[in-house]
Each structure stands twice: as structure tokens, then as C-alpha cells.
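**Student:**
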Amino acid sequence: MNIFRLFGDLSHLAAIAILLLKIWKTRSCAGVSGKTQLLFAVCFITRYIDLFLHFVSLYNTEKVMKLIYISASVFTCYLIFFKFKATYDGNHDSMRAEFLIVPAAGLACLINTKFDAIEILWTFSIYLEAVAILPQLFLISKTGEAETITSHYLFAQGSYRALYILNWIYRYHYESHVDTIAIVAGVVQTILYCDFFYLYITKVVKGQKIVLPA
Amino acid sequence: SNKSLAHDEL
Numbered sequence: 002m003n004i005f006r007l008f009g010d011l012s013h014l015a016a017i018a019i020l021l022l023k024i025w026k027t028r029s030c031a032g033v034s035g036k037t038q039l040l041f042a043v044c045f046i047t048r049y050i051d052l053f054l055h056f057v058s059l060y061n062t063e064k065v066m067k068l069i070y071i072s073a074s075v076f077t078c079y080l081i082f083f084k085f086k087a088t089y090d091g092n093h094d095s096m097r098a099e100f101l102i103v104p105a106a107g108l109a110c111l112i113n114t115k116f117d118a119i120e121i122l123w124t125f126s127i128y129l130e131a132v133a134i135l136p137q138l139f140l141i142s143k144t145g146e147a148e149t150i151t152s153h154y155l156f157a158q159g160s161y162r163a164l165y166i167l168n169w170i171y172r173y174h175y176e177s178h179v180d181t182i183a184i185v186a187g188v189v190q191t192i193l194y195c196d197f198f199y200l201y202i203t204k205v206v207k208g209q210k211i212v213l214p215a
Numbered sequence: 268s269n270k271s272l273a274h275d276e277l
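Chains as they are written, first to last, in our numbering: chain Y, 2 to 215; chain U, 268 to 277.
1) Can you tell me whether Y:Val179 is helix, strand or coil according to DSSP?
2) From the beta carbon of Y:Asp196, is the nearest beta carbon of chain U less than 7 Å away?
3) Quick one: residues in its chain with C-beta nearer than 7 Å to the C-beta of Y:Ile198, no 5 flanking neighbours on either side, listed in chain order?
4) Residues bridged to Y:Glu146 by DSSP?
5) With 16 as the cutoff for other CB atoms within 10 Å, does Y:Ile126 come out buried or exposed?
6) Can you confirm whether Y:Tyr201, when its beta carbon is compared against all beta carbons of chain U, has any partner nearer than 7 Å?
7) Mark Y:Ala147 as exposed unless 16 or more other C-beta atoms lie within 10 angstroms of its C-beta, in which case mark it buried.
8) For U:His274 and chain Y, any beta-carbon pair shorter than 7 Å?
9) Measure the CB-CB distance between Y:Ile166 and Y:Gly145 and report whether it falls below 7 Å.
10) I'd like the list of long-range same chain contacts for Y:Ala183, defined as Cβ closer than 7 Å, with 5 residues on each side in sequence excluded.
11) Could you have a look at U:His274 and say whether DSSP puts it in helix, strand or coil?
12) Given a threshold of 16 other Cβ atoms within 10 Å of its Cβ, counted over all protein chains shown, does Y:Met96 qualify as buried or as exposed?
13) Strictly below 9 Å CB to CB, what residues from chain B border Y:Arg162?
14) Need the endpoints of the alpha helix (DSSP H) that Y:Leu108 sits in, please.
15) Checking contacts by CB at 7 Å: is Y:Met2 closer than that to chain U?
16) Applying the criterion that 16 or more other CB atoms from any shown protein chain within 10 Å of the CB defines a buried residue, is Y:Phe100 buried or exposed?
17) Name, please, each residue of chain U whose Cβ falls closer than 9 Å to the Cβ of Y:Met66.
18) Near U:Ser271, which residues of its chain fall below 8 Å by C-beta distance, leaving aside the five closest residues on each side in sequence?
19) In terms of alpha-carbon separation, which member of Y:Thr62, Y:Lys67 and Y:Ala106 lies closest to Y:Ile46?
20) For Y:Leu52, which residues from the same chain have a beta carbon less than 8 Å from its beta carbon, with the 5 sequence-adjacent residues on both sides left out?
21) Tell me, to the nearest whole angstrom, how far the beta carbon of Y:Thr149 is from that of Y:Val103; I am working on the premise that it is less than 8 Å.
22) Going by the beta-carbon positions, is the gap between Y:Arg6 and Y:Asn168 smaller than 7 Å?
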């Protein structure tokens, strides 16, 4: 474990917590893409499938984190599609998730480290996570604005994988550890946030709201 | 660079 991965995971936890708090406190999921949250839930379940296969005996931090990620993302989907369904902005959350899931699944079957079920599920999860934020960014471009709290959520969510890139550089240099698939997907994922990062740093930090077109 | 077979990251 290094400082970059630690802060990356903390940033990821913060993002999940910020979104849950926003929906719970405002009792509304306006401005939140349910599809993105569904895709994240699929990512966690397919990536941590080992939790379900081998009974989780020893509870170490990593297993607890995996359980938190899975339960929090499923609970967030429950809030969006059931509890606060009336506030879900289905009209603007209109990016076709199939256009993200099918290519990720196809690519996972073509480009992977080992052609076995668990490894392909892990690879699918990595590829899907890289593009999972697109419905959320699409929704913001359709509505033309993002609530400040949603911007903080996106900043934490984007920062998590950006910090992982620093973690991978660190591990390459000190541990000669390379996980090419995760690195390439992580770079793509972080690039997708660049436009938002620019808006966040030039606007939200100054107390303004993000309104598109910028 | 050794390929990490077991993915040890979240």
C-alpha cells in the first residue's frame, strides 16, 4: 500500500458517501444518473465476485472495503430507482448503457490477461468502470448544469482513479509491478474527467456553479 | 516487470 492508493481509495469512499448523503439529505436524486450508478454496481459485483464464491472467512480491510463498495452502490441504486424514484430524471438520463456494456464485455473477451471466467469478469469490470461515468457527464450536458454537491461527488470520483495512476507509477518504479489493462483503462477513465476537472477548478472552487455550455 | 496475476488492488 502507498500513499497514492490510500488517498485514492479514500477519495473513492468519499465520492460514494457524498452521493449517498446528497440523495438522502435532499431526498432527491435530481441531477444524478441512475445508469452510471447501476454501471458502478455492476463493476463492483463483477470485480469482487470472489467474495461470493469463497466464503469470506478472514475479514481484512480489503474485504471490508469491497463489501462497503458493493452494498453502498446497491443501496444508492435502490434510493434512485425505488425510494426516490419520483425525483429520478429519466428523460435526461438517456445515454444507452448497452453501448457501454456490450463493447466492454466484447473487449474483455478479446484483450485479457488470462482467458478464464474470473479474470474476464475482472477485465470487463475494469473496462466498464472506465466509461461508467459517461451517462452522468451526458446527463449534466443535457440539463446544462450540475448541483455543487454533485460536482464535489464527481471531483472525488474522478480523483480516485487519477490518484491510482500515481499509485501505478509508484509501483512500477519501486515494485516493478505493472497491470497494463488497469493502467490503460485508468488513464482513459481519468481523461474523460479532464473537461469536468477544468470546470470544477475554475468555477466550483470559486463558489460558482457549473453551467454548460461553459 | 512482473505481471501481477492476482489483482491486489480494489
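Note that CB positions come from ideal geometry on N, CA and C, so glycine has one too.
**Tutor:** Taking the geometry as given:
1) Annotated three-state conformation of Y:Val179 is strand, per DSSP.
2) For Y:Asp196, the answer is no, since every Cβ of chain U falls outside 7 Å of its Cβ.
3) It should be noted that the sequence gives Phe, not Ile, for residue 198 of chain Y. Hits under 7 Å: Gly159.
4) Beta-bridge pairing links Y:Glu146 to Y:Val212.
5) Residue identity differs from the one stated: residue 126 of chain Y is Ser in this sequence, not Ile. Buried.
6) Chain U, which has no Cβ nearer than 7 Å to the Cβ of Y:Tyr201, makes this no.
7) Y:Ala147 should be labelled buried.
8) Closer than 7 Å: yes.
9) The beta carbons of Y:Ile166 and Y:Gly145 sit no closer together than 7 Å.
10) The residues are Ile127.
11) If DSSP states are grouped into helix, strand and coil, U:His274 belongs with coil.
12) Residue environment: Y:Met96 is assigned as buried (16 or more neighbouring CB atoms within 10 Å of its CB, all protein chains considered).
13) In summary, chain B is missing from the structure at hand, where the protein chains are Y and U.
14) For Y:Leu108, the enclosing alpha helix (DSSP H) starts and ends at Glu99 to Leu111.
15) Taking 7 Å as the CB threshold, Y:Met2 stays off the interface with chain U.
16) So Y:Phe100 counts as exposed.
17) Here the neighbours are Leu277.
18) Caution is warranted here: a pLDDT of 45 is assigned to U:Ser271, below 50, making its placement in the model unreliable, and no coordinate value can be reported.
19) Looking at the Cα atoms, Y:Lys67 is the closest of the given residues.
20) So the list reads Lys64, Lys67, Leu68 and Ile71, once near-sequence residues are dropped.
21) Contact doesn't hold; Cβ gap of about 34 Å is too wide.
22) For the pair Y:Arg6 and Y:Asn168, the CB atoms are nearer than the 7 Å cut-off.
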